[in-house]
Every structure is written in C-alpha cells, then in structure tokens.
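Student:
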Amino acid sequence: MAPIPGSGLAKGLAVTLRTMTKKTVTAQYPDVQPELPPRSRGVIGLFEENCTVCMLCARECPDWCIYIDSHKETVPAATPGGRERSRNVLDRFAIDFSLCMYCGICIEVCPFDALFWSPEFEYAETDIHELTHERDKLREWMWTVPAPPALDPGAEEPKEIAAARKAADKLAAAQEQAAQEQAAAQQAEQQGEGSAE
C-alpha cells in the first residue's frame with residue numbers, strides 16, 4: 033500500500049506535540065550553571081604555603097606543563113650555637129593549561145598536599161598564551177576546592193592513628209595515676225602533720 037501523502041509531516045508534528053509538554057533536557061549553560069559532582073576535576077589549585085619547591089610535580093608531569101622557579105634563602109639559627117639553614121623560596125609556579133592533559137599525576141605525587149583539584153572549569157581564553165596561569169590565579173582556585181569527603185564510619189581506623197591513640201591513652205593513664213599518687217601522698221602528709229600536732 034502506498035504511503036498517504038503528508039503522513040511524515042503528521043508523525044513529525046505528533047512528536048513535537050508530545051515533547052512540548054515534557055520538561056526540557058537542554059542545559060541552559062551559561063545562564064544556568066551545571067550541577068557538578070562534589071569532587072569533579074576542573075583545574076589545579078595551588079596551596080602555596082605547603083609547597084617546598086621539591087619539583088616532584090614538574091618532574092613527573094608527562095606534558096612538562098608545570099614551570100617552577102625558586103631561590104635559596106639562608107635562615108638564621110633558631111637557637112644560640114645552632115647553625116644556619118637554607119630553604120627554598122618559591123618565586124614562580126605556573127601551569128600551562130594548553131598543554132595539561134588533566135591526568136592528576138602532579139597532585140598524586142605531591143608529598144606536601146600543595147596541589148588540589150578545583151571544580152572550576154570556566155577559564156577559556158582567546159589567546160593560547162593566556163592559558164598559562166601563574167601562582168596568583170592558582171591560589172584563587174584553591175579556595176574553590178571542596179572539603180574532602182568524610183571517612184566511612186564503618187571503615188577500619190588507619191594503623192598510624194590507632195597507634196597514636198593507644199600511645200595517647202597510655203600517657204593519659206600514666207599521668208592520671210601519677211596525679212592520684214601525688215594526691216594520696218599529699219593527703220598522707222597532711223594527716224601526718226595533723227596527728228603530730
């Protein structure tokens with residue numbers, strides 16, 4: 033049987049009428065911000081106070097997109113007779129996001145927790161050279177990093193924390209016992225003075 037002329041148009045209009053009454057699924061970005069997962073990966077934020085300029089992040093980066101400059105500073109001795117120490121001071125920390133592939137290796141290898149994932153993702157530029165962000169911008173992104181998720185209450189306590197808690201409990205018990213012995217000795221001394229009078 034031959035198709036009825038205009039049946040395709042009728043089917044198309046039927047689909048249109050059906051979907052007109054449903055909620056839209058189109059994201060109205062940039063007018064409406066998307067709802068991102070709490071720990072989504074956007075850009076890398078720098079917590080400058082934790083950075084010791086160990087250069088691990090720059091060495092491990094497969095794209096070589098992290099640029100770090102530093103100088104050494106001599107710190108005077110903390111105590112008389114002590115010796116002076118030298119420490120690295122961060123001069124420049126920059127990440128070229130035009131090269132970065134967002135693998136997260138730099139964040140993984142940082143032993144001092146100076147690098148974090150930020151959920152910020154709106155940093156488009158008209159010039160590729162402006163995608164190299166210096167430490168000031170990386171620090172701004174640091175304040176958008178969400179707090180880490182809470183530990184699972186059913187999980188086992190890490191061995192280090194359990195050992196530290198055990199040592200602290202032992203110390204507290206020893207201090208309490210010493211305080212009780214001292215109080216008992218003072219009481220005995222006071223009773224001895226009272227009976228001597």
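Numbering of the sequence shown is given in our numbering, commencing with residue 33 and proceeding in unit increments.
All C-beta atoms in this analysis are idealised placements derived from N, C-alpha and C, irrespective of residue type, glycine included.
Predicted model only: the values in this text are computed from it and were never measured.
What three-state label does DSSP hand Trp149 in the structure shown?
Tutor: Numbered from its first residue, the sequence shown carries residue 149 at position 117. Of the three classes helix, strand and coil, the one that applies to Trp149 here is strand, per DSSP.
Student: Please tell me whether, using a cut-off of 7 Å, the distance from the CB of Cys89 to the nearest non-hydrogen atom of the ligand SAM is below it.
Tutor: The ligand SAM is not part of the structure shown, which contains no ligands of any sort.
Student: Going by other Cβ atoms of all chains shown within 10 Å of its Cβ, with 16 needed for buried, is Met133 buried or exposed?
Tutor: The residue labelled residue 133 in the question sits at position 101 within the sequence shown. Flag for Met133 reads exposed.
Student: Per the DSSP calculation, Lys104 is bridged to which residue(s)?
Tutor: Working through the sequence shown from its first residue, we reach residue 104 at position 72. Partner(s): Asn120.
Student: Is it right to say His165 is buried, meaning 16 or more other beta carbons lie within 10 angstroms of its own, or is it exposed?
Tutor: Taking the sequence shown and counting its residues from 1, one reaches residue 165 at position 133. Buried.
Student: Answer yes or no: do Tyr155 and Ala126 have a C-beta to C-beta separation smaller than 8 Å?
Tutor: Along the sequence shown, one-based indexing puts residue 155 at 123. Along the sequence shown, one-based indexing puts residue 126 at 94. Cβ atoms of Tyr155 and Ala126: not closer than 8 Å.
Student: Let me know the secondary structure DSSP gives Ala156 once reduced to three states.
Tutor: The count along the sequence shown starts at 1 and reaches residue 156 at position 124. Ala156: coil per DSSP, three-state reduction.
Student: Measuring CB to CB, does Leu147 end up less than 8 Å from Leu78?
Tutor: Along the sequence shown, read from residue 1 onward, the residue named residue 147 stands at position 115. Along the sequence shown, read from residue 1 onward, the residue named residue 78 stands at position 46. Yes.
Student: Quick one: is Met174 buried, meaning 16 or more other Cβ sit within 10 Å of its Cβ, or exposed?
Tutor: Numbered from its first residue, the sequence shown carries residue 174 at position 142. Flag for Met174 reads buried.
Student: If you run the structure through DSSP and keep just helix, strand and coil, what is Ala205?
Tutor: Translated into positions along the sequence shown, residue 205 becomes position 173. Helix.
Student: With contact counted as at least three CB pairs below 8 Å, one residue from each stretch, are the stretch 91-105 and the stretch 114-130 in contact?
Tutor: These segments touch.
Student: Can you name the start and end residues of the beta strand (DSSP E) that Val75 belongs to?
Tutor: Within the sequence shown, numbered from 1, the residue matching residue 75 stands at position 43. Run containing Val75: Val75 to Leu78, per the beta strand (DSSP E) assignment.
Student: Are the C-beta atoms of Ala109 and some chain C residue less than 8 Å apart?
Tutor: Note that chain C does not occur in the displayed structure, where there is just one protein chain.
Student: What separation, rounded to the nearest whole angstrom, lies between the Cα atoms of Ala206 and Cys89?
Tutor: Position 174 of the sequence shown, counted from the first residue, corresponds to residue 206. Position 57 of the sequence shown, counted from the first residue, corresponds to residue 89. Cα-Cα distance, rounded: 45 Å.
Student: Just how far apart, CA to CA, sit Ala204 and Met87?
Tutor: The count along the sequence shown starts at 1 and reaches residue 204 at position 172. The count along the sequence shown starts at 1 and reaches residue 87 at position 55. Distance between the alpha carbons of Ala204 and Met87 is about 41 Å.
Student: Helix, strand or coil: which one does DSSP assign to Thr51?
Tutor: Within the sequence shown, numbered from 1, the residue matching residue 51 stands at position 19. Note: Thr51 maps to helix in three-state DSSP.
Student: Report the rounded CA-to-CA distance for Ser29 versus Ile139, giving the unit in angstroms.
Tutor: Missing from the structure shown is residue 29; the chain here goes from 33 to 229 and no further.
Student: Where do the ends of the alpha helix (DSSP H) carrying Trp96 lie?
Tutor: By one-based count along the sequence shown, residue 96 stands at place 64. First-last for Trp96: undefined, no H or E at that position.
Student: Rounded to the nearest angstrom, how far is the Cβ of Gly74 from that of Pro151, given a contact under 8 Å?
Tutor: As a first step, residue 74 is located in the sequence shown; it is residue number 42 there, counting from the start. As a first step, residue 151 is located in the sequence shown; it is residue number 119 there, counting from the start. That belief holds up - the Cβ atoms of Gly74 and Pro151 are roughly 5 Å apart, short of 8 Å.
Student: Please work out which residues of its chain come closer than 7 Å, Cβ to Cβ, to Thr84, disregarding the five sequence neighbours upstream and downstream, and give them in chain order.
Tutor: Against the sequence shown, residue 84 aligns to sequence position 52. Once the five neighbours on either side are set aside, the close Cβ partners of Thr84 are Asn120 and Phe144.
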